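Enquirer: Could you have a look at this structure, given as C-alpha cells, before my questions?
Chains as they are written, first to last, in the working numbering: chain W, 22 to 252; chain X, 485 to 926.
In C-alpha cells form, the structure reads like this:
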C-alpha cells in the first residue's frame, strides 16, 4: 500500500505535556543538521544514487542527464570530410508540422549528381520537437541526439540556427552512402579511403550501437555525467 | 570527506578565534581602565567603554548579523536543501557569507516609501525603540570573570548594576513599545493587528518570564548576573557544579520558552504572518525594516547570553575547570572562561534556530493558553517549591537533588515516547529519520 493510514487519536498525557515531543523533534532536526554539516553533499546528478539525502540539483552547475531517447537540439550530421551528410532532399522540411525548417539546395561544382544545402535553417522557437525530421531523413543527416535543449538567448533571432551552427558532432559514414560508392568528386581521394574504411552498414534497429554515433551517444554522455558527479 | 575535514578544522579554529577575541577584550579593558585612572576617572569607566566596543558593537553585532545568514544556511542544512549560494567570490559561495554584504546594500539602497497618513514622529521612532532595548540588554550579560589585567581589576561586563535581572526585565519589556508603535504609527489595519498581537503576546509572557527566574534568584541569593555565574561554580557533594539547569530545570524551560516568545520568532511568530497579516512592520521599507529584523536576531543572542549566565554556568568552562584554573595564568583563565561563555552563547543561539525550524507556529488562543494555563501555574509552583527547598537546605544540595530527579523524569518520558512512535507512523514525521531518506519516496 503506497500510503499508511494514521489514526487521528486524541493526544495522550505525554503529548499534552508537549516538552518531550518538542525535545524529540529538536533531536531529529539537530541530527539532520549535523549530518549535512559534517558530511560532504553527494553531487551525483542522479539523485536516486546519492549517498547523502537531499535531492536539490544545483541547476546550472549540475545537470541531470537526459534519458537516451531524449529529443534535444537538432544537429546536422557531418561526414568525415566536414561537409553535411544532407543531400537537400526537402523530406524533413516537408514533413515538419511546424514548418520550421528552411532549405536551399545547391549543386556541388563540377558534379552533376551531388546536391548539398547551401542554406539549412531551423527556427528552434517554432520547432515542436516532434522528431519527424529525424524519422523522415533518408540519409541519417539530421539528428536530435545532442542531449541539449535549446539554449536561452537574449534575442529571438539567436534561436534561428543556420547550417553552420547545426553542423556539429561526430561524423558518420555508412557503406551504402552514394558519395562513397561512386567516389564523388567533392571528396579528396585520400579522405575517400579513410571514409570507406570507417563506413558501417546502415542501422536496421534504432538500438544498434552505431545508430547512436560512437563517442556522441546520449547514453555515453549520461554515463560520463554520472561518473563526473560521483567523483 | 573534504567537508568533514573542513568542519573539524572549523571546530578547532572557531573556539580559538573566540579565545583570541576574549583575550583581546581583556587586554583592551585593562588598557582603557589604566587610561581612565590616568585621567583621574574611575577605572570602571574605561573598562565599560572597552567592553561596550568589544562585546556589544563587535561580538553582539557580528553574531546577530551572522545569524541572519545562519538562519538561511542552517535551515537549509536542517531541511536537506542547499541554501543561499548564488553570490560567489571567485567561484566560491563561502557558505553564504557574501549575502551579508548584499543584504546590507539592499537594505540601505531601497526606496524610502512612507505611508502618507502615518504619525510622523512615532513612525520614525518605532524601529529605534524596537532596536535599542534588545541591544541594551546585552550590557548586563557577564561574559567574563573578574581578572587583574595590566594592573587593573576588570571583568567583561559593560554594566553591573545591583538590580541585575530586574534590569533585564525592565529593558525587555520596553521592546514591546517598538512593535506596538510600529503597528499603530504606520496607520495600516494589518500593521496594527500585528502590533496588537505582539503587545498582547509579549505582555502575557513577561509574567512567566519574570516568575521563572524568581527560583534562580532565590537559589543563588542574588540578583546580580555576575554573582550568579560565580555561585554556579560551587561544587555540590564535592563534584557536581551547581549549574542553573541542575538546580532549576523547570525554571530553565519556562524562562527559555517565555524568552522565546519575547523574541517573536517561530513558533511564537504570531505578530508577523505573511499569509494573513503581514506584520507590524508592513509599512517599513529598507533599513527601518532591517533594524526590526536585526533586533530579532540580537534578541536571540541576548537570550542565549542570559540563559548561559543564569542556567549554563556563565563563564565557567565546567569541563577541566580545576586543571585550567591551576595551570593557566589568571588572565589566560579568564580569557578561556569568556571564550567558553561566548561558545555556549553561540550553541544556544543555534539551538534556538533549530527549535524555530522544528515547531509549527501556534494559533493565537493556543499561545495565550500555553502562557496563562500552563506556564504561569508551573512558574508559580516552581517559585514555591524552590523557596521551600531553599528554606530547608541553604546549600542547594536538596534543590539539585530534586532538579536531577526532574531531569531524569523528563529524559525517561522523552525516551519512552521515542520508543513508542516509529511502529505506527510509516512515512509520518516521526519516522523520517529512521528510513534512509534518499533511498525511496522522492
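Backbone N, C-alpha and C define an ideal beta-carbon position, used for all residues, glycine too. Bear in mind the structure is a predicted one, so any value in this text is a computation, not a measurement.
Which of the residues in the stretch 42-56 of chain W, read from start to end, lie with their CB under 9 Å from any CB of chain X?
Expert: Listed by position along the chain: 42, 43, 44, 45, 46, 47, 48, 49, 50, 51, 52, 53, 54, 55 and 56.
Enquirer: Between the C-alpha atoms of residue 836 of chain X and residue 248 of chain W, what's the straight-line distance to the nearest angstrom?
Expert: Residue 836 of chain X and residue 248 of chain W: Cα-Cα distance of roughly 40 Å.
Enquirer: Hey, how far is the Cα of residue 147 of chain W from the Cα of residue 180 of chain W?
Expert: Cα to Cα, the separation comes out at about 9 Å.
Enquirer: Name the chain X residues whose beta carbon is nearer than 8 Å to that of residue 213 of chain W?
Expert: Near residue 213 of chain W there are no residues of chain X at all, since even the closest Cβ is about 48 Å away, more than 8 Å.
Enquirer: Quick one: does residue 85 of chain W have its CB under 8 Å from some CB of chain X?
Expert: No, no contact with chain X.
Enquirer: Would residue 741 of chain X and residue 652 of chain X qualify as a contact pair, given that the criterion is a beta-carbon distance under 8 Å?
Expert: Cβ distance not < 8 Å, so residue 741 of chain X and residue 652 of chain X don't count as in contact.
Enquirer: Could you confirm whether any beta carbon from chain X is found closer than 8 Å to the beta carbon of residue 61 of chain W?
Expert: At least one chain X Cβ lies under 8 Å of residue 61 of chain W.
Enquirer: According to a CB-to-CB cut-off of less than 7 Å, which residues of the stretch 558-578 of chain X neighbour chain W?
Expert: So the close ones are 558, 561, 562, 564, 565 and 566.
Enquirer: Against chain X, with Cβ distances strictly below 8 Å, would residue 79 of chain W count as a contact?
Expert: Yes, its Cβ sits closer than 8 Å to a Cβ of chain X.
Enquirer: Could you check where the beta strand (DSSP E) with residue 141 of chain W kicks off and where it finishes?
Expert: Counting along the chain, the beta strand (DSSP E) containing residue 141 of chain W begins and ends at 136-144.
Enquirer: For residue 763 of chain X, which residues does DSSP report across the bridge?
Expert: X/756.
Enquirer: With a 10 Å radius around its C-beta and 16 neighbouring C-beta atoms as the bar for buried, classify residue 128 of chain W as buried or exposed.
Expert: Exposed.
Enquirer: If I follow the unbroken beta strand (DSSP E) through residue 124 of chain W, where does it start and stop?
Expert: That run of the beta strand (DSSP E) goes 122-128.
Enquirer: Looking at the unbroken beta strand (DSSP E) that takes in residue 618 of chain X, where does it start and where does it end?
Expert: Premise fails: residue 618 of chain X lies in the alpha helix (DSSP H), 604-621, not in any beta strand (DSSP E).
Enquirer: Name the residues in the stretch 22-35 of chain W whose C-beta lies less than 7 Å from a C-beta of chain X; which are they?
Expert: Answer set for the stretch 22-35 of chain W: 25, 27 and 35.
Enquirer: Enumerate, from N- to C-terminal direction, the unbroken alpha helix (DSSP H) stretches of 4 or more residues contained entirely within the stretch 52-126 of chain W.
Expert: Listed in chain order, the complete alpha helix (DSSP H) runs (minimum 4 residues) inside the stretch 52-126 of chain W are 112-116.
Enquirer: Starting from the N-terminal side, write out each stretch of the alpha helix (DSSP H) that is 4 residues or longer and does not extend beyond the stretch 178-236 of chain W.
Expert: For the stretch 178-236 of chain W, whole alpha helix (DSSP H) runs of length 4 or above, ordered along the chain, are 184-187, 199-202 and 210-219.
Enquirer: The alpha helix (DSSP H) spanning residue 266 of chain W covers which residue range?
Expert: Any property of residue 266 of chain W remains undetermined from this structure, which presents chain W solely from 22 to 252.
Enquirer: Would you please state the rounded distance, in angstroms, between the beta carbons of residue 796 of chain X and residue 728 of chain X? I believe it to be under 8 Å.
Expert: Indeed, because the Cβ distance is near 7 Å, the residues count as touching under 8 Å.
Enquirer: Buried or exposed: residue 546 of chain X, going by 16 or more other Cβ atoms within 10 Å of its Cβ?
Expert: That one is exposed.
Enquirer: Just how far apart, CA to CA, sit residue 605 of chain X and residue 839 of chain X?
Expert: One C-alpha to the other measures close to 37 Å.
Enquirer: Going by Cα to Cα distance, which pick from X/824, X/793 and X/794 is closest to residue 808 of chain X?
Expert: Selected option, being the one with the closest Cα: X/824.
Enquirer: Across which residues does DSSP place residue 641 of chain X in a beta bridge pair?
Expert: Answer is none; residue 641 of chain X lacks a bridge partner.
Enquirer: Taking 8 Å as the cut-off, does the stretch 525-542 of chain X touch the stretch 550-559 of chain X (at least 3 CB pairs, one atom from each stretch)?
Expert: Cβ pair count under 8 Å is below three, so no.
Enquirer: Consider the Cβ of residue 252 of chain W: report whether some Cβ of chain X lies at a distance smaller than 8 Å.
Expert: Confidence in residue 252 of chain W is poor, its pLDDT being 49 and thus under 50, which makes the residue's placement unreliable; the coordinate value appears in the next sentence. Not one chain X Cβ lies under 8 Å of residue 252 of chain W.
Enquirer: What is the C-beta distance between residue 573 of chain X and residue 672 of chain X, in whole angstroms, given that I count them as a contact (C-beta under 8 Å)?
Expert: Wrong, their Cβ atoms sit about 39 Å apart, outside the cutoff.
Enquirer: Leaving aside the five residues before and after residue 509 of chain X along the sequence, list all residues of the same chain whose C-beta is less than 6 Å from its C-beta, in chain order.
Expert: Correct list, in chain order: 538 and 640.
Enquirer: If I'm right that residue 755 of chain X touches residue 694 of chain X with Cβ under 8 Å, what's the distance once you round it to whole angstroms?
Expert: About 21 Å; that fails the 8 Å criterion.
Enquirer: So, does the CB of residue 581 of chain X fall closer than 8 Å to a CB anywhere in chain W?
Expert: No, no contact with chain W.
Enquirer: If you measure from the beta carbon of residue 597 of chain X to each beta carbon in chain W, is any gap under 8 Å?
Expert: No, residue 597 of chain X does not count as interfacial toward chain W.
Enquirer: Counting C-beta neighbours from all protein chains within 10 Å, is the total for residue 53 of chain W 16 or more, i.e. buried, or is it exposed?
Expert: It counts as buried.
Enquirer: Across which residues does DSSP place residue 636 of chain X in a beta bridge pair?
Expert: Partner(s): X/633.
Enquirer: Residue range of the alpha helix (DSSP H) that residue 673 of chain X falls in?
Expert: Counting along the chain, the alpha helix (DSSP H) containing residue 673 of chain X begins and ends at 673-704.
Enquirer: Decide if residue 866 of chain X is buried, meaning its Cβ has at least 16 other Cβ atoms within 10 Å, or exposed.
Expert: Under this definition residue 866 of chain X is a buried residue.
Enquirer: Using beta-carbon positions only, say whether residue 98 of chain W and residue 106 of chain W come within less than 8 Å of one another.
Expert: Yes, they are a contact pair.
Enquirer: Does the pairing of the stretch 583-591 of chain X with the stretch 770-787 of chain X give three or more beta-carbon distances under 8 Å?
Expert: Yes, they touch.
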